[in-house]
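Undergrad: Input: one structure, supplied below.
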Amino acid sequence: MSIKNGLNLFAVLVVTLFISMSAQAKQFKLLVFSKTAGFHHTSVNQAISALTKMSEKHHFDMDWHEDANIFNQKDLAQYDVVMFLLTTGDILNQPQQTAFEQFIESGKGFVGVHSASDTEYDWPWYGKLVGRQFVIHPLIQTAELSVIDRTFPGLELLPDVSLWTDEWYQYGPELSTNLNYILSVDESTYAPQADWGRVKGQGMGEFHPIAWYQEVHGGRAFYTGLGHLPAVYENSAFVAHLFGGIYWAYSGKGLRE
């Protein structure tokens with residue numbers, strides 16, 4: 013074989029390898045963070061199993077961490093979306109908070125699941141990111157869940173109104189003026205009252221939001237209050253809802269005009 017032919021063959025192999033690698037490249041990368049400094053949900057493992065299957069189905073990369081040391085500028089740079097999965101309490105120190113702020117402000121995405129709203133009460137930047145923060149909840153009950161905005165992706169499997177069993181969080185006031193609500197629960201269909209001694213709740217009244225999204229801090233944020241029970245991570249409607257939030261946080265796409 014001549015040198016010229018050998019070089020041509022090498023070039024073909026390089027191009028073929030590049031095309032093959034490009035074809036296998038995942039569309040985005042998700043960091044799932046589930047550190048807790050308070051209540052620990054037993055549903056974390058079921059959630060990770062569902063998210064792993066989701067990543068295979070929708071062709072994206074996913075890492076799972078509970079070590080907050082991943083929150084530094086260099087390590088976060090590889091991700092497109094960070095999910096706070098069932099987090100609670102103060103989970104990041106000041107340098108880690110700064111790194112996460114820089115991540116979102118660079119145009120990246122955030123997804124909060126259930127007790128992500130029961131996290132970092134003393135960090136105003138995060139409060140605005142998550143949108144509202146947890147106050148109290150009653151006992152787990154079945155109630156009527158309503159879809160109030162079908163322009164958001166991932167709601168295709170949810171009917172306009174359905175019975176849903178979950179731990180219905182009562183939230184505090186809006187911490188951002190950008191919130192777009194997509195799900196709500198009807199308080200007339202369950203008992204929203206709760207009394208923990210140090211804090212009491214009567215519900216949120218006529219409008220009780222459960223999921224929302226927003227553009228904030230230069231990035232995108234999605235939150236759902238669903239996701240307390242382990243079995244919900246086997247519910248195809250909930251998994252689709254969760255992927256819709258992840259996809260929108262990554263791309264800003266999926267809204268149907």
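So in the working numbering, spot 150 of the sequence shown is number 162, and the numbers just go up one at a time.
Ideal Cβ placement from N, Cα and C applies to all residues, glycine included.
In the DSSP output, what is Thr131 paired with across the bridge?
TA: Within the sequence shown, the letter at position 119 stands for residue 131. Paired residue(s): Gly101.
Undergrad: Which word fits Met33, buried or exposed, when buried means at least 16 other C-beta atoms lie within 10 angstroms of its C-beta?
TA: The sequence position of residue 33 within the sequence shown is 21, counting from 1. Because the pLDDT at Met33 is just 41, under 50, the model does not fix this residue reliably, and the point stays unresolved.
Undergrad: Can you tell which of Ile152, Gly231, Gln145 has its C-alpha closest to the C-alpha of Ala223?
TA: For the purposes of this step, residue 223 is identified with residue 211 of the sequence shown, where counting begins at 1. Of the candidates Ile152, Gly231, Gln145, the one whose C-alpha sits nearest the C-alpha of Ala223 is Gln145.
Undergrad: Nearest to Pro242 by alpha carbon, out of Glu179, Ala206, Lys265, Gly256?
TA: Taking the sequence shown and counting its residues from 1, one reaches residue 242 at position 230. It is Glu179.
Undergrad: So who's on the other strand from Ala206, going by DSSP bridges?
TA: Locating residue 206 in the sequence shown gives position 194, counting from the first residue. Its beta-bridge partners are Gly213.
Undergrad: Taking all protein chains shown into account, decide if Gly209 is buried (16 or more other Cβ within 10 angstroms of its Cβ) or exposed.
TA: Residue mapping note: residue 209 aligns to position 197 of the sequence shown, counting from 1. Burial call: exposed.
Undergrad: Which two residues bound the contiguous alpha helix (DSSP H) that contains Trp137?
TA: By one-based count along the sequence shown, residue 137 stands at place 125. Segment 136-142, the alpha helix (DSSP H) holding Trp137.
Undergrad: Are Val93 and Ala261 closer than 9 Å when you measure CB to CB?
TA: Taking the sequence shown and counting its residues from 1, the one referred to as residue 93 is at position 81. Taking the sequence shown and counting its residues from 1, the one referred to as residue 261 is at position 249. The answer is yes: Cβ separation under 9 Å.
Undergrad: Leaving out five residues before and five after Glu246 in sequence, what residues of the same chain have Cβ atoms less than 8 Å from its Cβ?
TA: Here residue 246 refers to the residue found at position 234 when the sequence shown is read from its first residue. The residues are Gln58, Ala62.
Undergrad: Could you tell me how far apart the beta carbons of Ala155 and Trp176 are, in whole angstroms, since I believe they sit closer than 8 Å?
TA: The residue labelled residue 155 in the question sits at position 143 within the sequence shown. The residue labelled residue 176 in the question sits at position 164 within the sequence shown. Correct: roughly 6 Å between the Cβ atoms.
Undergrad: Using the three-state DSSP reduction, which class does Ala35 fall into: helix, strand or coil?
TA: The residue given as residue 35 occupies position 23 in the sequence shown. Confidence in Ala35 is poor, its pLDDT being 48 and thus under 50, which makes the residue's placement unreliable; the coordinate value appears in the next sentence. In this structure, Ala35 counts as helix in the three-state DSSP scheme.
Undergrad: Out of curiosity, what's the CA-to-CA distance linking Pro150 and Leu98?
TA: Counting from one through the sequence shown, the residue named residue 150 turns up at place 138. Counting from one through the sequence shown, the residue named residue 98 turns up at place 86. If I take the Cα positions, the gap works out to 18 Å.
Undergrad: Taking the alpha-carbon of Asp102 as reference, which of Lys69, Gly230, Tyr138 has the nearest alpha-carbon?
TA: What you label residue 102 is simply residue 90 of the sequence shown in a count that begins at 1. The shortest C-alpha separation from Asp102 is found at Tyr138.
Undergrad: So, for Ala35: in the same chain, excluding its five sequence neighbours on each side, which residues have a beta-carbon less than 8 Å away from its beta-carbon?
TA: Locating residue 35 in the sequence shown gives position 23, counting from the first residue. Because the pLDDT of Ala35 is 48, which lies under 50, any placement of that residue in the model is unreliable, and the number read from its coordinates should be weighed accordingly. Result list for Ala35: empty, nothing under 8 Å.
Undergrad: Alpha helix (DSSP H) containing Leu151: first to last residue?
TA: In the sequence shown, residue 151 corresponds to position 139, counting from 1. Leu151 -> no alpha helix (DSSP H), and no H or E assigned at all.
Undergrad: In the DSSP assignment, find the beta strand (DSSP E) that holds Asp161 and state where it starts and stops.
TA: In the sequence shown, the residue the question calls residue 161 occupies position 149. Element bounds for Asp161: n/a, residue is neither H nor E.
Undergrad: What's the C-alpha gap between Gly256 and Ile60?
TA: For this step, residue 256 is matched to residue 244 along the sequence shown. For this step, residue 60 is matched to residue 48 along the sequence shown. Roughly 17 Å between the two C-alpha positions.
Undergrad: So, for Ala128: in the same chain, excluding its five sequence neighbours on each side, which residues have a beta-carbon less than 7 Å away from its beta-carbon?
TA: Numbered from 1 along the sequence shown, position 116 holds the residue referred to as residue 128. The residues are Phe96, Thr99, Val142, Tyr235.
Undergrad: Since Met66 sits in a beta bridge, which residues does DSSP pair it with?
TA: Within the sequence shown, residue 66 is the residue found at index 54, counting from 1. None; Met66 has no bridge partner.
Undergrad: Just how far apart, CA to CA, sit Ile82 and Ser118?
TA: As a working note, residue 82 is residue 70 in the sequence shown. As a working note, residue 118 is residue 106 in the sequence shown. In a straight line, the C-alpha of Ile82 is about 17 Å away from that of Ser118.
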